[in-house]
Structures are given as C-alpha cells and as structure tokens.
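Structure first, commentary second.
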Amino acid sequence: MASNLESLVCSLVPQARRDNNLKHELVAHCQDILSSHIGQSGETDIGYLADLMQRHLLQSSPDGSLTLKFSNLLARLLDQPVLTRKHASLLFLHSLATSPKPSSVSPAFLPSLAPPPPSKPSTALNTPVDSSPTSRLPRGRSKAEILREYRGKIGRPHLPEHLILRDTLYLLQGISGKYVHFSPGADPEQNDELVFTDDPKLIISTPTRALVHRLAEVGHLYKRVDAFVREREGRLGVGMIEQSLCHHLQTQLTEYYRLIAVLESQMAPHPAADAADADNASAAEDGSVRQEESGLTLKRLDVWIEDWKLRMRMMSVCVEGARGAHGGALVNLIHGYADNGDPFVRKFTDQLLEEVSKPFFATLHKWLFSGELNDPFSEFFVAVDPELAHLQYVQSSSNDGGGGGQFSADGGFGGFGGDGEDISGERESGLKLWEAKYQFQRDMLPAFVGEVFGRKIFSTGKSLNFIRYSCHDSDWVATREKLSNTGGTLKYSDISGLERSIDQAYQIASRRLFDVFFEKYRLLDHLLALKHYLLLGHGDFVEQLMESLSQSLARPANTLYRHNLTATLESAIRSSNAQNDPPDVLRRLDARMLEYSHGEIGWDVFTLEYKVDAPLDTVLEPEAILRYLKLFNHLWKIKRIEGTLSKGWMRIAGGSRTFLRVPELDGDWHQIRIVVAEMIHFIRQLEAYCQLEVIECSWKNLLDFVQKKEGDLDALIEAHRAYLDRMVKKVLLLSPKAGREENVLNQVREVFAIILQFREATDDFYNYCLSESARRDSALDAERGVFTHIEREQRPSTHDVREILNRIREYGTSFSERAQSIVQALQVHPDLDCRFLGIRLSFSDFYKSKKEQQR
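Structure below.
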C-alpha cells in the first residue's frame, strides 16, 4: 500500500522525487486521509460525487473549461475495467483538492486534517520543508489530537458530538436542548422552527446541522401526535373510534419512548459534561472519538430513527385528518391511506385500522345480529331519529293479525276501534317508524364495507328490529341464535369473512321477515282481499252488492245512512262466495260514503274501505289505500255502466214484440240497438282490459316476487308500490307527458255520463212505445167490442216523441265522437297496453272508417 502511494505521489508531485521529506510527508497525509472518515460514510453515488467536483471546478474556473475536461476524464475512467474502486479513487482525489494549504506543499494535495498555513506568504514549491512538529504530521497521534490541533488553529473548535447528540435526543422527544431548540413560528398554524444557539467559542458544522434538522422532524411530528392524544384525553364526548385511535397512538408513542431510552443507554460516559468553553473542548473531543468508536453517534441515531420517521409521518397525517372526521368517516379516512404501494405504509395502516375499527365492528355486530343500535356518540352509518328513538310500532289487535272482529251495528268493526281517520293515523305511525326511525348515512360508511353491503347491513338490522318490536315474533330467540352461529368475529383483517357474514345475516333476516308477514300476518290474504273487493275481482259479490244498492244509490247522497250501507254489504257477502273468505279479512271490509256536495247521488259518493293495522300498514300504507280507493271508484263506475247497458239491452230485447205494434218506429229502434251494441262493446273491452291485462298481469308480477322471497321489507314495499303504480297508470289511462296526465281519463268519464244520459233517453222512448202499444191494443179491442179504461188524453204528443228521438240521436252521436277521440288518443299513447286497447276499441278500424265517411 505504501509503495503504491509513493509511486502515485512521485508521479503527481515531481518535487517529491528529489525531496524525500516532502515525499514522506505527502504519503503520511494520504494514509491519514484513507484511514479517516473519508470513504466510510457509506455514500457510493458517483453521480453525486461528480456533481460536487464539478461545482468545485466551477469556483476555480467559471468559464467551464475545467468542468468539460473533468467530464471527459470521468467518462474515460468509468469505461476502464481495471479499477474496481472508482468511487474511492474519486473521493480521495476530491479530498485532496479541497484540503487546506500547508506551508510546504502545493494547495491541491493537502489533506483536510492538515494544520492551517502560517501567517507568512505561501512559500514556493522549492522552499525547504520545515521539519518541526507543527508542520509535519508525526506518526502515532490519535485522530482526536489531529482534530483538536486543526480546529485550534482555525479559531473555534466544533461542538463535541456527544453534546449535540444529547440535544438531539431531547429534540426527538419534543424538548428543546441547550444548543438546539424549537421556536414557534410567527404564524401559530405554521410548523415550529429549529434554532441553533450561536456560541462564540464553538461551532456546529453545516453537515451536522443538516443531520440534526432531519432528526428533529421526528420530534416535531411526535409533538403533534402527543398533543392530539393529550387533547382528547381531557375532552368530553370523544367518540369510541376516536378513543381507539388515541389508544393505538399512545401505544405507538410508548414503544417510541422505549426506543429513546435504549438509545440514551448507548451513549458512552464523557469526561467533559459541558463543552461551553474552549478549555474543556479537547477533552470532549476525545470522548466524542471514543463514543464514535464504541457508542451512539448521530449517523447511527439517524439509522435507528429512520423507521420511526415513517411511522410518525403516518400518525401525523392521521391526526390531522382526524380533526375534521368522526366515527365511520374517520375509519374511511384512514382506510384511504391503505391504498399505497409502499409495503411499510400499507402494513402500518392495516395495523392502525385493525385497532381503530374495533368499536365500529362491535357496533356492527350488535346491529347486524340483534337489530340493536348501540351508538352513543353517533359514529355508525346508521342513525336514529331522536324524536322516534323511544317509540315502538303500533301493536296489532291480536297475534294472528287482529283476531276475528265482527260487523257492528254502527258500521264499525271489532278490533279496530274508531272511524277510518283514527285508523289512518295509526297506519301513518307504523309507516313513519319504519321509514324514518333509522336513517342510512352514506358519508359515515367505511369504504372497505362498500355501499352495497352497507345497504344490506342497514336493512338487516332494521328488519331484525322490526321483527322483534313490531311483529312480536315468538321465534325471535331462535332467529338470533341462527344469526349468531353464522356470524364469526367481525374484523378488518378478514373482509371476505365480513362479506360472507353480511350476506348470510341479510338472507336469514329477510327470509324470517317474509315468513312473519306471509305466515303469521297473512299478508297475501289481505292483498288478495284488496284485489277481490276494492278491485272488483269477486264477480258474484260485486253483482250482488250492486243489485242490492242500485235503488239506494240512485237517491240523493244526503238521504243515505252508513249503517244501511253496512247491512247491505253484509247481505252481499253472505249471498256470494265472499262468505268463504277468512273472518279476519271480512271484518276489515266496510262500506262508507265520501264527502259529498249538494246535488250528488249515492253513486257518486259510495265506496268500499279495507282497514289494516300494524304491522300490515307498513306495506299497505295510507297512500296505497287511497290509491286502491281511487281504482275502486273508477272500476265501480265501469261496472255501473256495464250493468246499466246490460239491463237496457235486456229491456229492449224483451220488449221487441211489443214494439211490433208500432211499426213506424222500427227504424229508430234499429238505430238504438246499433248504438247500444257499440256502447256495450266499448265498456266490455274497457273492463276486460282493466281486469285481465292490467290487474291480473300486475298481480302475477307481484305474486312472482312474493314466491321468490328475495329482498327485504323495503323491496316488498317497493314491489307493492310498483304493483299499484302499474295499475293506476294503466287503468286510469294516465299519460306521463306534461299536460296530458288525465286527458284520456276525463274523456272516458264524459263517455260514462253520455251513456247514462242515453240510457235515460231510451227509457223515455221505451215508455212512450209501451204506452202507445197499449193504446193501440185498446183501440183494436174497442173495434172488437172490448172496452178498456185507457183515456185518449194519455197519448203522448208527437212533439214529445220527436224531442226524445232527438236526444237519443244527440247522445248517440256524442258517444261516437268521444269514442273516436279516445281511440285516436290511445293510438299515440306512450304505453303499449293502452295502444292495444285503442286497437280493440276500434274493431276492424270502425272509428277510422266512420271518420273517413264523415269527411
């Protein structure tokens, strides 16, 4: 090694070939440099070192010529395969170039630890070298002595490392040291500033300052995390998730304290406790060197703290985000940091989430498997309305859906109490509790759960709560046991197991809820009863009821009494197949009158009513019952018109033999029969469309959903609403286009009124023909000598007959025009079923041909 250095020195310094002292001195300096800290820093980046050398060359040669030359030489050096330690060679040359100038050699080849030049001007290269101890580096001296001698000659010594190390350990704990301390910034929201104490006797080198700055970042982050934990300790109303976060952070800080204690124990004892003055600096330097050899150093401390620097950064980010987040939103915030490519960050975030999410999963477990919401700090994504928190669903009158109430004399029903308004109020409370007591908060839902599973969790807990408190399910304990067996431990590290548990709990709760509704409370029987009675599905019952009520409903509305209507309803039930329906269904059926105004008759205000109680009123909500009544009103009118036309046709057909006595009116009766046939075709097609294509098809869709037993109570409510929506839109021929919502419906109702007027006019004409036939029979009898008591003045005048025929023709023409208009409107209706109705109404394009004939 020494021979190689001598050859290198002689080749670079020609004077050393002739001067042995100079050669030995340069070789000794090179050996000191190679054995010093240079090259031991661990930095092996040739690019970084080349950048430092280029900067140095630019200071001596701003024109860049030396830099260009250096770049060419460096490229040639990197291409040479002979040298294996190219970085060490460059570092050695760079150290030589940046060393201070001695008195006897050229400034480009002095080591950095050499003493400073004397006060005299620099000597020439051929000046004899002083061999005194101050100018030569004797062999056998320690690095501390060399360092002390060098720093003593340049003025102020460096601050011993063990002192700056002690302050750095304080900084790591957020405490200011003697030589380095934290200073708050001008703006309270800004970070702390790191300030180094200006000592006139000691200096802190720039590399040391940079290293302390890097280490002090951990202390600053520690202060932020520790302040957050301490602040939450003394605050009231801190949520359980936030408490769990603080607990985990405190655990991490405790582990951090343990590391700091271990690092402090590795600090070697120092002979100088304070290096504030220059007299003790040398002794401190000796201790620093011994510590570097055997104990803790700043660079070793940097290595030890590197892992905690990343941890503190992550904890600080979580702390800053936690100030504006709460509950599930806080869990969601932390979960967002898990999507990171850095394995350390991802692992740390997973561990943090595992601890922080424990209160969330505890609340989730109780809600998912018991239907109970234990959330005192409102951290869960299911919220309860405080006004409804202590309310329960309205209890039904009996466990089997209300018992077997009977008809009462005043039109009320046993088990329901007061009138319909009171019952509707109870229905509103049941529906309100189901829809408004618990609310889904999407912003509080953690992302690892997802909205799909979040909705299932929300539905499962709400269904269990409904089964337990509203349906009073006696098998509730068995259901909860089944749920507990399927659900394992819910935790963040087992997301797939969590999803399986959610799916299983959702299916069990939903299936049990369907069983309770359709087996215990017989919901399907009630839906079928609404279809049979309010949608006129029981044909014989409707015929009996209409036949019994026809005379009463023809009277003014203010002359009708509810108990008479109820008695007639009971008679219609007992004289039809409706008597075979379950008693619980029949006791809910009632007849009443709507609010009426002056001039209205019974047909205008009569309606059937079907009463439901809790929990059935959750599905058969008040709005749904009102829509059933709306459908009944329309279908009842169609049934009335059909009955009117049927009776009219039977009267006309039955009296045809009588009309033969008045042959001059045969043409008029022929036209009447054509119009009546047209009206019968219109009303029967309309009725068949409503009953077969709308009601029955809609019922089949609802029945398919019920038989599948898929979904939850919300899905059942939605399916029933869709069932009603389809019937209302199609039966009432409603159009979704603006301004045309009830255009066709109003025309149909005008047709109903025209048919009733036509039937009244034909009745007048029938009575005229009947009286005229009787008069002519009496005249013929008189010719035969048989005398009757028919007076001549009873003969209607010709003017009255013409007026009746004019009315018949007018109503017949109006009906055809309205029917033609309805057909045209249905042909462009956006609903396909309504278009087919228009095709059937205009059989063989009857109305189209008629319109062309009119043109």
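Numbering of the sequence shown is given in the UniProt record's numbering, commencing with residue 1 and proceeding in unit increments.
Beta carbons are placed, not taken as given, at the ideal position from N, Cα and C, and that holds for glycine.
Contact between the stretch 239-248 and the stretch 343-362 is established, with three or more Cβ pairs separated by less than 8 Å. Excluding residues up to 5 positions away in sequence, Met546 lie with their Cβ nearer than 7 Å to the Cβ of Gly643 in the same chain.
Around the beta carbon of Thr168, 16 or more other beta carbons lie within 10 angstroms, which makes this residue buried. With contacts defined as CB atoms closer than 7 Å, Ala28 and Leu22 fail to qualify as a contacting pair. At the C-beta level, Val262 and Val212 stay beyond 7 Å of one another. In this structure, Asp525 sits near Pro582, with a CB-CB distance shorter than 7 Å. For the 7 Å CB-CB criterion, Gln685 and Leu534 do not form a contact. Between the beta-carbon of Phe440 and that of Val382 there is about 7 Å, and that keeps the pair under the 8 Å contact cut. Residue state for Ser183 is assigned as strand, using DSSP reduced to three classes. Cβ atoms of Cys769 and Leu665 come within 8 Å of each other, at about 6 Å. The residue from Leu756, Leu635, Val662, Leu826 with its alpha-carbon nearest to that of Leu692 is Leu635.
Annotated as distal: Leu724 and Arg588, with beta-carbon spacing of 7 Å or more.
In this structure Val694 touches Asp833 by the C-beta definition: roughly 7 Å separates them, less than 8 Å. Taking C-beta atoms under 8 Å as the contact rule, Val218 and Met312 qualify, at a distance of about 5 Å. Bounds of any beta strand (DSSP E) do not take in Met53; it lies within the alpha helix (DSSP H) bounded by 46-60. Residue environment analysis places Lys69 among the exposed positions, since fewer than 16 neighbouring C-beta atoms fall within 10 angstroms of its C-beta. Taken through DSSP and simplified to helix, strand or coil, Tyr506 comes out as helix. Between the beta-carbon of Val676 and that of Trp649 there is about 6 Å, and that keeps the pair under the 8 Å contact cut.
In the three-state scheme derived from DSSP, where H, G and I count as helix and E and B as strand, His248 is classed as helix. The beta carbon of Phe758 is closer than 6 Å to those of Tyr811 in its chain, skipping five residues each way along the sequence. As the crow flies, the alpha-carbon of Asp375 is around 21 Å from that of His335. The beta carbons of Gly371 and Gly461 sit about 5 Å from each other, so the pair counts as a contact at 8 Å.
If you draw a 10 Å sphere on the C-beta of Asp473, you find 16 or more other C-beta atoms in it, and that means buried. Residue Ile305 holds the alpha-carbon nearest to the alpha-carbon of Glu255 among Lys299, Leu296, Glu481, Ile305.
Per the DSSP secondary-structure output, Asp764 pairs with nothing in a beta bridge. Ranked by how close their Cα comes to the Cα of Leu445, the residues Ala325, Ala782, Ala653, Asp540 have Ala325 in first place. In the DSSP annotation of this structure, Gln351 is not part of any beta strand (DSSP E); the continuous alpha helix (DSSP H) holding it starts and ends at 343-356. Each residue's CA atom was taken as its position, placing Lys709 and Ser571 some 38 Å apart.
Secondary structure note for Asp167: its alpha helix (DSSP H) is the uninterrupted segment 161-172. Ranking Val662, Leu5, Asp45 by CA distance to the CA of Ile33 puts Leu5 first.
The stretch 710-717 makes no contact with the stretch 773-782; the number of CB pairs closer than 8 Å stays below 3. Within the DSSP bridge table, the entry for Phe517 names no partner. With respect to the 7 Å criterion, Ser463 and Leu513 are classified as neighbours on the basis of their beta carbons. Around Leu90, the same chain offers Leu49 as residues with beta carbons nearer than 6 Å, after the five sequence neighbours per side are excluded. Given a length threshold of 3 residues, the stretch 297-324 has no whole run of the beta strand (DSSP E) inside it.
When rounded, the separation of the alpha-carbon atoms in Ser493 and Gly327 is 19 Å.
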